[in-house]
Ligand SMILES: [Zn+2]
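Numbering (the working numbering), first residue to last: 21 to 165.
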């Protein structure tokens, strides 16, 4: 059973970013859009294509939860209250879309992390609440077995 097969309890959680969608009856997913002229995929919604400049309608697209690590950085200093070290990563999603997030479930050691390694997107409750006490659902990447 893959590690993310346990159902994530999402009720009452807010999406940490607008492009993270939490359907009432289904699994959370990342939303993007695709240029009908050049086929480039972007995170979230856009009015026009940043690659080819097309102003035709962008098609809504559900982004893949599979991808590969494009680049990473091990963060050893951060704001007060943020646990370090952690791995900040940029991932190219299968089928399009490039997204920044944290790589989890791996030791934050350079020799253990490989550019191009397969990763998957997992959804978990964010560790902190906001000032109003709201809780958030966040996305992370983890190595794919
Ligand atoms: Zn385009």
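Built from N, CA and C at the ideal position, the CB exists for glycine as well. None of these values were measured; they are calculated from a predicted model.
Within 7 Å, strictly: CB atoms of residue i and residue j
{"i": "residue 101", "j": "residue 61", "result": "no"}
{"i": "residue 114", "j": "residue 84", "result": "yes"}
{"i": "residue 121", "j": "residue 160", "result": "yes"}
{"i": "residue 71", "j": "residue 56", "result": "no"}
{"i": "residue 53", "j": "residue 80", "result": "yes"}
Spatial distance of residue i from residue j (CA atoms)
{"i": "residue 6", "j": "residue 33", "result": "Outside the modelled stretch of the chain, which goes from 21 to 165, sits residue 6, for which no answer is possible."}
{"i": "residue 37", "j": "residue 82", "result": "15 Å"}
{"i": "residue 133", "j": "residue 144", "result": "21 Å"}
{"i": "residue 69", "j": "residue 165", "result": "35 Å"}
{"i": "residue 107", "j": "residue 73", "result": "33 Å"}
Local conformation of residue i per DSSP, three classes
{"i": "residue 88", "result": "strand"}
{"i": "residue 131", "result": "helix"}
{"i": "residue 161", "result": "strand"}
{"i": "residue 62", "result": "strand"}
{"i": "residue 112", "result": "strand"}
{"i": "residue 125", "result": "coil"}
Quiz item: Which residues have a Cβ closer than 6 Å to any heavy atom of ligand 1, listed in chain order?
Solution: Cβ atoms closer than 6 Å to ligand 1 belong to 55, 57, 58, 60, 69, 71, 72, 74.
Exercise. Pair every Cβ in the region 92 to 101 with every Cβ in the region 119 to 136, then say whether three or more of these pairs are closer than 8 Å.
Key: Yes: at least three Cβ pairs fall under 8 Å.
Exercise. Say whether the region 65 to 73 touches the region 117 to 124, bearing in mind that this needs 3 or more beta-carbon pairs closer than 8 Å, one atom from each stretch.
Key: no
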